[in-house]
Amino acid sequence: MAEEIQAVRGMNDLLPADISAWQFLEACTRELLGSYGYEEIRVPVVEHTELFKRAIGEHTDVVGKEMYTFTDRGGDSLTLRPEATAGIARALISNRLLRGQRHKLWCSGPMFRHEAPQAGRYRQFWQVDVEAVGWPGPDVDAELIALSARLWQRLGIEGLRLQINSLGTPECRREYRTRLIDYFSAHEGSLDADSQRRLTGNPLRILDSKNPEMQELIRGAPLLTESLDAESREHFAQLRAMLDGVGVAFEINPRLVRGLDYYNRTVFEWITQSTGAQNAVCSGGRYDGLIAQLGGEATPAIGFAMGIERLVTLLLAAGRSPPPSHPHVYVIVSGTRAGAEAVRLVEGLRSERPRLRIELNLGGGNFKAQFRRADKSGAPLALIIGDDEFARGVVAMKPLRQESGQSECPIVQLASGVDAALAALGPAAKPA
Ligand code: HAM
Numbered sequence: 045m046a047e048e049i050q051a052v053r054g055m056n057d058l059l060p061a062d063i064s065a066w067q068f069l070e071a072c073t074r075e076l077l078g079s080y081g082y083e084e085i086r087v088p089v090v091e092h093t094e095l096f097k098r099a100i101g102e103h104t105d106v107v108g109k110e111m112y113t114f115t116d117r118g119g120d121s122l123t124l125r126p127e128a129t130a131g132i133a134r135a136l137i138s139n140r141l142l143r144g145q146r147h148k149l150w151c152s153g154p155m156f157r158h159e160a161p162q163a164g165r166y167r168q169f170w171q172v173d174v175e176a177v178g179w180p181g182p183d184v185d186a187e188l189i190a191l192s193a194r195l196w197q198r199l200g201i202e203g204l205r206l207q208i209n210s211l212g213t214p215e216c217r218r219e220y221r222t223r224l225i226d227y228f229s230a231h232e233g234s235l236d237a238d239s240q241r242r243l244t245g246n247p248l249r250i251l252d253s254k255n256p257e258m259q260e261l262i263r264g265a266p267l268l269t270e271s272l273d274a275e276s277r278e279h280f281a282q283l284r285a286m287l288d289g290v291g292v293a294f295e296i297n298p299r300l301v302r303g304l305d306y307y308n309r310t311v312f313e314w315i316t317q318s319t320g321a322q323n324a325v326c327s328g329g330r331y332d333g334l335i336a337q338l339g340g341e342a343t344p345a346i347g348f349a350m351g352i353e354r355l356v357t358l359l360l361a362a363g364r365s366p367p368p369s370h371p372h373v374y375v376i377v378s379g380t381r382a383g384a385e386a387v388r389l390v391e392g393l394r395s396e397r398p399r400l401r402i403e404l405n406l407g408g409g410n411f412k413a414q415f416r417r418a419d420k421s422g423a424p425l426a427l428i429i430g431d432d433e434f435a436r437g438v439v440a441m442k443p444l445r446q447e448s449g450q451s452e453c454p455i456v457q458l459a460s461g462v463d464a465a466l467a468a469l470g471p472a473a474k475p476a
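Residue numbers for the sequence shown follow this note's numbering, beginning at 45 and rising by one.
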C-alpha cells in the first residue's frame, strides 16, 4: 500500500459529525450581524506580504515569526492571511469605497499563523471578522461590543468576561513605549529570552508574557493609562458609560495591549477560563490610523474577530450544538423494475416537495440491509418501492420510529401521501 499522506500539522479537517455546531454558530452570527446592518465581504486568502508587514507591524509575533510567506512563480512575495482586517482595509482602498463613505462589514474564513499548535491554537483557524469603518466612536465601539455580548446570549454561551482598555493616540503609545523601555532596561537581568528580544522592538508585548517568573516585574511596570491624552481619556470614559447604560459588564485591564500594531484607543477581549491558556475567544479594537497607513484617505475604524474553533468548543461544552439533521424519508427499493424507476419517482417527489429531505437507497442490497440503513439514517418514515407495489401503482409506507403498521399510497398521490404519513408521526417528523 502507498504511504499515507498526513494533514499539515495544526490544520484540521472539519468532519460532518462536527459540522452542525459550526453551522449553528455561523447562522446565528450571520443573522445577528445582518440585523445590525453589517454586510458580508469576501477578500482573498493570499495578499502581498507587504500589506501585513505595514498593517500589523514588522516587530509583532505575527509578522516576525508566524506568517506563511512564499515567493510565487512570478517572483512576488505573497502571504496566507494571518487575519482579515488588513485585507478588508486594502479592499476598501483598492475598490475606491472610502471617499467619505462608511461601511459595516463582516467576513468569515480561514486564517493562517505558524504558531505552536495546542488545544485551541491552530495553524489554520477560522475567524468571523467584523469591521465598522468610518465612525470615530465611542458609540460605534459600544454598539460593537454590545453586539458581541448579544451573540453570546443567542448562542447560549455563558461565563465570558469582557476586558477593555484604551491605548490612546500613537503619540501616547510612543511616549509609553519609551517609558517601558526605560523600566525594563533597568531590570534587564530579570527578563526572559522572549522579553529581551521584545525590549527594543515591541516592549508593549512584554506585558502580555505568560511566564509566571515575569509577572512581578510586569506588575511594577508603568501603566499606559498614565500616559493617555485628554481626548482619549474622554473617549474611553464615554465608552464605559455607554457599556454601563446597556448593561454589558466589563473589567478594565490596563495591561491589555493586543498583539497587532495598528490599534489605538479602544481595545477589548472576551475571555474564558474554560479553554486553558488559549482564553481569548473574541478580540479587537480601534485602528484609526491603519487605512491612511495603507495609502487610503484617513478613516477611523474599529472591529473585532472571533475564533470559531474556540467558540465551537464552548458551544459543545454547553450542550448547545443542535443535533445533526436526518432525512424525513428513506426510500427502500426492491426488484428490477422498481430499481429502474425509483430515481425518477424520487426526483419527482423532490420537485413537488423541495423541503423534504429524502435519502434514496443507493447501490441495492436485500430488504434487511436496506431497513438497517433506513434505521441508521434516523428517518422517521420509510417508503418501499417494490416490483409488486409498482405493478399495482402504489408505494408502501412504514413508520420507522413508531410501532404503527405499514400502509399504501397511490404513486399518483405520492407527495400528499407522504405529507399525511409524516403529519401523523407528529411535529418532529414534519419538514420545517
Ligand atoms: P487576534 O486577537 O489576533 O485579532 O485574533 C482574534 C481571535 O482569533 C482571537 O481572539 C482568537 O479567538 C482567534 N485566534 C487567533 N489566533 C488563533 C489560533 N492560532 N488558533 C485559533 N484561534 C485563534 C485579529 O485577528 C484582529 N484582526 C481582530 C480585529 C478585527 N481587530 C480589528 N478588527
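Backbone N, C-alpha and C fix where the C-beta goes; we use that ideal spot for every residue, glycine too. No experiment lies behind these values; they were computed from the predicted model shown.
Just so you know, the alpha carbons of T244 and I225 end up roughly 7 Å apart. In the three-state reduction of the DSSP assignment, I85 falls in the coil class, being assigned neither a helical nor a strand state.
Nearest Cα to S79 within the set G289, I100, A426, R194: R194. Within its own chain, no residue has a Cβ closer than 7 Å to the Cβ of G119 once the five positions on either side in sequence are excluded.
Below 8 Å, enough C-beta pairs join the region 143–163 and the region 97–113 to call them touching: three or more. In this structure, T129 has its CB closer than 7 Å to one or more heavy atoms of ligand 1. Excluding the 5 residues flanking it on each side, D57 has same chain C-beta neighbours closer than 7 Å at A51, in chain order. By the CB criterion at 8 Å, Y306 and G333 fall inside the cutoff.
In this structure, V438 has its beta carbon at no less than 7 Å from each heavy atom of ligand 1.
For Q259, the enclosing alpha helix (DSSP H) has its first and last residue at 259–263.
If only uninterrupted beta strand (DSSP E) runs of at least 3 residues are considered, those enclosed by the region 57–110 are 90–92.
The region 210–221 and the region 369–383 do not touch, with fewer than 3 CB-CB distances between them shorter than 8 Å. According to DSSP, Y112 shares a beta bridge with L124. Of the candidates G392, A186, L358, S395, the residue whose Cα lies closest to the Cα of R330 is A186. Pairing A163 with L59, the inter-Cα distance amounts to about 17 Å. Ligand 1 has a heavy atom closer than 7 Å to the beta-carbon of G328. Within its own chain, the residues whose Cβ lies closer than 6 Å to the Cβ of R205, once the five positions on either side in sequence are excluded, are I315, listed in chain order. Annotation for F348 indicates a beta carbon within 7 Å of some heavy atom of ligand 1. For a cut-off of 8 Å, the C-beta gap from I85 to L142 is around 14 Å, too long to register as a contact. With fewer than 16 neighbouring CB atoms inside 10 Å of its own CB, Q240 falls in the exposed class. Annotated three-state conformation of V301 is coil, per DSSP. By the criterion of a C-beta distance shorter than 7 Å, D183 is surrounded in its chain by M286, once the five residues flanking it on both sides are discounted. When L283, A413, P88, A190 are compared, the shortest CA-CA separation from L76 is found for A190. Ranked by Cα distance from T73, the options P398, A362, A418, A349 are led by A349. Excluding residues up to 5 positions away in sequence, I428, E433, Q450, E452 lie with their Cβ nearer than 6 Å to the Cβ of A440 in the same chain.
When beta bridges are read from the DSSP output, R381 appears opposite no residue.
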